[in-house]
Amino acid sequence: MAGFSHEFDSLGGKPATIQQVFSAFDASAKQSFVDVAVVLFADVFPVFSYVPVSCVKSLTDMQNTLSGIAKKLLDRVEKEKKEGVIDGKEDKSIIGVLIKATEAEGGRHVTSEEVLSSMKELLLAGYITTSNSMTWALVELARNPDIQGKLRDELLAFGSEPTYDQLQSSLTLPYLDAVVHESLRIHPPLTDFVRVATEDDVIPLSAPVITKSGQAINSISVARGTKIGLPMACINRSTAIWGPDAKVFRPERWLEKDGIPKKAQDVQGYRHLLTFADGPRNCLGKGFAVSEMKAVLSVLVKSFVFEMRDGPNTQIELCRGILPRPRVVGEEGAAMPLRVTRYEGC
Ligand code: HEM
16 MAGFSHEFDS LGGKPATIQQ VFSAFDASAK QSFVDVAVVL FADVFPVFSY VPVSCVKSLT
76 DMQNTLSGIA KKLLDRVEKE KKEGVIDGKE DKSIIGVLIK ATEAEGGRHV TSEEVLSSMK
136 ELLLAGYITT SNSMTWALVE LARNPDIQGK LRDELLAFGS EPTYDQLQSS LTLPYLDAVV
196 HESLRIHPPL TDFVRVATED DVIPLSAPVI TKSGQAINSI SVARGTKIGL PMACINRSTA
256 IWGPDAKVFR PERWLEKDGI PKKAQDVQGY RHLLTFADGP RNCLGKGFAV SEMKAVLSVL
316 VKSFVFEMRD GPNTQIELCR GILPRPRVVG EEGAAMPLRV TRYEGC
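Oh and the sequence shown: position 223 is 238 in the working numbering, straight run, nothing missing.
Dropping the structure here:
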């Protein structure tokens with residue numbers, strides 16, 4: 016609704032088209048060595064993107080379906096805009112604001128093609144990332160009943176539904192804030208990203224590295240145009256940066272006086288995390304995503320108890336889809352079954 020003024024109806028019992036598209040892609044993601052090799056080579060030799068391996072085909076199908084959904088939404092919003100208002104209210108959705116920008120006087124004219132591309136980008140960037148993070152947050156709460164109980168106590172004590180401003184603050188519901196950020200730290204949906212050096216540079220190292228030839232180096236030279244992979248999941252979970260319990264899901268670290276070690280405080284990025292990348296191309300939707308996660312978790316955890324379907328020691332593995340998703344070891348597809356019961360009070 017906030018993105019497109021469109022009710023995808025995923026809570027209405029029928030899977031929304033958008034959800035089906037992404038699930039179909041994830042389910043098809045039984046990538047063979049050939050699939051993976053083709054995708055990797057396509058980055059360097061674009062001709063490889065025409066090789067009809069299953070995941071490239073799924074990607075093309077997904078692109079086409081997304082274009083169809085985005086086009087329908089665009090036509091509808093434009094029609095409703097011409098008729099005046101949407102649902103009796105001014106359309107303040109992301110796409111409504113974008114469409115208005117196409118007519119803005121003075122400013123740069125935004126073409127329909129650009130609006131369509133932005134919608135596709137938002138469907139991809141805003142949906143699978145947040146749904147992946149929500150899945151991980153619920154898995155961690157299911158695996159850690161004490162943390163889930165503590166969160167529920169805070170939410171029930173707060174009483175009313177938090178407003179958008181309250182959700183954006185780290186002070187209103189501090190434990191909810193800590194649970195969300197700990198989940199984003201330990202399970203960033205995008206585990207790596209790539210940047211290209213725009214100029215020659217020399218990067219100093221915080222500690223010397225021994226090369227293959229046995230030489231100790233204190234800096235790395237990077238030539239203009241070099242692609243640099245940034246392993247954000249590894250950085251977020253590094254014991255050298257976050258301390259010995261870096262790999263443990265422990266929301267309390269966000270609330271304790273010295274909970275965030277000095278080395279982690281030196282990491283730039285949103286709340287010392289690289290989950291939303293950093294620099295000029297960082298995530299535009301991070302504030303929205305965090306508030307969305309908090310809003311959904313606060314409603315769900317107050318009303319329901321989440322448990323691992325097969326007990327707290329259920330083994331989880333990563334399944335490769337558009338993004339890596341959790342699933343029970345040995346199971347097919349990209350589903351993560353949880354046992355959900357209504358919270359009846361203590
Ligand atoms: C937990 C949820 C999310 C995570 C972890 C996340 C993470 C990221 C990351 C890492 C990037 C940089 C990717 C790269 O450059 O390779 C990015 C870019 C972006 N994200 Fe998010 N994102 C999330 C949710 C959202 C939402 C909800 C929206 C929109 C409402 C959004 C909109 C965007 C856009 C438009 C970009 C491109 C920015 C640019 O290139 O200038 N994201 N996101």
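Glycine is no exception: its CB is placed at the ideal position from the N, C-alpha and C atoms. Values in this document were obtained by computation on a predicted structure and should not be read as measured data.
Going by DSSP, what residue range makes up the beta strand (DSSP E) through G244? Residue mapping note: residue 244 aligns to position 229 of the sequence shown, counting from 1. G244 -> beta strand (DSSP E) spans K242 to L245.
Beta-carbon proximity check, V237 vs I218, cutoff 8 Å: To locate residue 237, count along the sequence shown from 1; it is residue 222. To locate residue 218, count along the sequence shown from 1; it is residue 203. Taking 8 Å as the Cβ cut-off, V237 and I218 qualify as a contacting pair.
How many Å lie between M308 and V195 at the Cα? For this step, residue 308 is matched to residue 293 along the sequence shown. For this step, residue 195 is matched to residue 180 along the sequence shown. Answer to the nearest angstrom: the Cα atoms are 7 Å apart.
Below 7 Å CB to CB, which residues in the same chain sit around F321 once its five sequence neighbours on both sides are set aside? On the sequence shown, position 306 is the one that residue 321 refers to. If we look at F321 and ignore the five residues flanking it on each side, its Cβ neighbours are L153, L156, A157, Q163, L353 and V355.
What span of residues does the beta strand (DSSP E) with E322 cover, start to end? The residue labelled residue 322 in the question sits at position 307 within the sequence shown. Where E322 is concerned, the enclosing beta strand (DSSP E) stretches over F319 to M323.
Since L270 and P189 should fall inside the 8 Å C-beta cutoff, what is the C-beta to C-beta distance between them, to a whole number of angstroms? The sequence position of residue 270 within the sequence shown is 255, counting from 1. The sequence position of residue 189 within the sequence shown is 174, counting from 1. Their Cβ separation, rounded to whole angstroms, is 6 Å, which keeps L270 and P189 in contact under 8 Å.
Looking at C-beta atoms only, is the number of pairs between the region 322-339 and the region 292-311 that lie closer than 8 Å three or more? no
DSSP beta-bridge partners for T356? Numbered from 1 along the sequence shown, position 341 holds the residue referred to as residue 356. T356 pairs with V320.
So what's F208 in DSSP terms, helix, strand or just coil? As a first step, residue 208 is located in the sequence shown; it is residue number 193 there, counting from the start. F208: strand per DSSP, three-state reduction.
Since A290 contacts P203 with CB under 8 Å, what's their CB separation in whole angstroms? Position 275 of the sequence shown, counted from the start, is the residue given in the question as residue 290. Position 188 of the sequence shown, counted from the start, is the residue given in the question as residue 203. It should be noted that the sequence gives Thr, not Ala, for residue 290. 4 Å between Cβ atoms; contact.
Using CA coordinates, which residue listed in G300, T144 and I243 is at the minimum distance from T213? Here the question's residue 213 lines up with position 198 in the sequence shown. The shortest C-alpha separation from T213 is found at I243.
Classification of I256 by the beta-carbon crowding that lies within 10 angstroms, buried from 16 upward: One-based indexing of the sequence shown puts residue 256 at position 241. It counts as buried.
What are the residues that DSSP puts in a beta bridge with I225? Locating residue 225 in the sequence shown gives position 210, counting from the first residue. Beta-bridge pairing links I225 to A231.
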